[in-house]
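To keep things clear, I will list the structure first and then write my remarks on it.
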Ligand code: 13P
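Numbering (the working numbering), first residue to last: -4 to 239.
Right under this line is the structure:
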């Protein structure tokens, strides 16, 4: 399976011109890489300007659960897909924290995104002081409720402990290994061992060019979800080269 390297640009960069320039730089940095699937998730407003290529797929950072209607400021999954997204990040901790997203909302969004033929990157992870297993298991079972085995083929799970996001305090590779195994155990409980082994599991939280390799070699994960470091084309390129 190709490793997945997902760039979550969050609400960056500040202008469309900069976003276009960053994408061009990233394209240069990752030239020749064939062993990784690279997915860039820019702010939705630029999806249409930033064209995917053979080397780069595009993703959205969010979508609404309804198809259309009176939802000021929102975009539907079909709109994101129509603008070039092949993936959508759902359940990111920043949306849970600042936008009040619950597992039930994430579940509705996943179902809507699947109908629009988007692949899902579902984020799960505990806050500081919370018990990882309790949080991850309940987030997974509630967010994935009602999804068929077939639908699960379009789902990627990203473990992003909230305490590691943007803090420089990345999860240790050993802990990421245990969490990866726990996520597969939970998928086995919810579905089957076969599905658990087929579902890609990623790590995100203060990933950089120095620590990236260990999550693949030591933690045996299937890829990375990169925030801050994805805004630096050279560093992102280094991550992509190291893990592919
Ligand atoms: P950082 O890589 O900046 O810690 O962000 C991780 C993240 O939230 C990716 O979705």
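Cβ coordinates follow ideal geometry from the N, Cα and C atoms, glycine included.
When DSSP reads this structure, residue 114 sits in a beta bridge with 82. Per DSSP, the beta-bridge partners of residue 53 are 35, 80. Residue range 11 to 24 is occupied by the alpha helix (DSSP H) that includes residue 21. Membership of residue 130 in the alpha helix (DSSP H) is indicated by the continuous run 127 to 138. Residue range 150 to 154 is occupied by the beta strand (DSSP E) that includes residue 153. Inclusion of residue 87 in the 7 Å shell around ligand 1 follows from its C-beta lying nearer than that to a non-hydrogen atom of the ligand.
If you draw a 10 Å sphere on the C-beta of residue 9, you find fewer than 16 other C-beta atoms in it, and that means exposed. Per DSSP, the beta-bridge partners of residue 219 are 0, 198. Rounded to the nearest whole angstrom, the CA to CA distance from residue 88 to residue 22 is 28 Å. Residue 236 and residue 34 do not touch by the CB rule: their CB atoms are close to 16 Å apart, not below 8 Å. Within the DSSP secondary-structure output, residue 59 pairs in a beta bridge with 71. In this structure, residue 91 sits away from residue 57, with a CB-CB distance that is not shorter than 8 Å. Scanning 93, 177, 155, 133 for the CA closest to the CA of residue 123 turns up 155. When Cβ pairs closer than 8 Å are counted between the two stretches, the region 176 to 190 is seen not to touch the region 30 to 50, the count staying below three.
The beta-carbon separation of residue 172 and residue -1, rounded to 18 Å, does not stay under the 8 Å limit for a contact. Proximity to residue 192 across 204, 206, 176 peaks at 176, based on C-alpha coordinates.
By DSSP's assignment, residue 119 forms a beta bridge with 154. Ligand 1 approaches residue 3 closely enough that one of its heavy atoms is under 7 Å from the residue's Cβ.
Residue 134 counts as buried, since at least 16 other C-beta atoms from the protein chains shown sit within 10 angstroms of its C-beta.
Look at residue 235: its beta carbon is at least 7 Å from all of the heavy atoms in ligand 1. Closest in C-alpha terms to residue 215, from the list 238, 59, 141, comes 238.
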